[in-house]
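*Asks:* Residue 1 is where the sequence shown starts when you use the UniProt record's numbering, and the numbers rise one by one after that.
Even for Gly, the Cβ is constructed at its ideal location relative to N, Cα and C.
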Amino acid sequence: MAEGSNGFGPEPWLDKHVDFGRDFLAGESAGANIAQYVAVKAGVNGLEDLKITGLFTVHPFFGDEVESNMYKYLCPTSSGSSDDAKLVPNLLKLGCDKSDATKVPHLKLRC
């Protein structure tokens, strides 16, 4: 996205039809964690010519005080608990104006 935000990216259709000043990140489950991580990185580092307006996450996996053996298995260098920055949402550093996290039982997203 950032590559084409100046209007001269590799995808002509995006250059013509997308307003890179109003991007919205969304994800479900692991995708929700990725979207949240990108929003925090954007807030910390900033993005030139790209404005993230909002973040919508469905069933994100954030850690707590109890360590997660599954997460420790997937990320062996992690403690699997709340001292891992990827498992704790840092809402103060989000690079967007709006955020919504939702947990909905039996929700199936379809594109």
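Am I right that Pro60 and Ala101 are in contact with their C-beta atoms under 8 Å? What's the rounded C-beta distance?
*Replies:* 6 Å between Cβ atoms; contact.
*Asks:* Need the endpoints of the beta strand (DSSP E) that Val58 sits in, please.
*Replies:* Where Val58 is concerned, the enclosing beta strand (DSSP E) stretches over Ile52 to Val58.
*Asks:* What first and last residue would you give for the alpha helix (DSSP H) that runs through Leu14?
*Replies:* Pro12 to His17
*Asks:* Note the first and the last residue of the continuous beta strand (DSSP E) segment covering Leu47.
*Replies:* Careful: Leu47 lies outside any beta strand (DSSP E) and carries neither H nor E.
*Asks:* Mind checking whether Ala30 and Phe56 have CB atoms under 8 Å apart?
*Replies:* no
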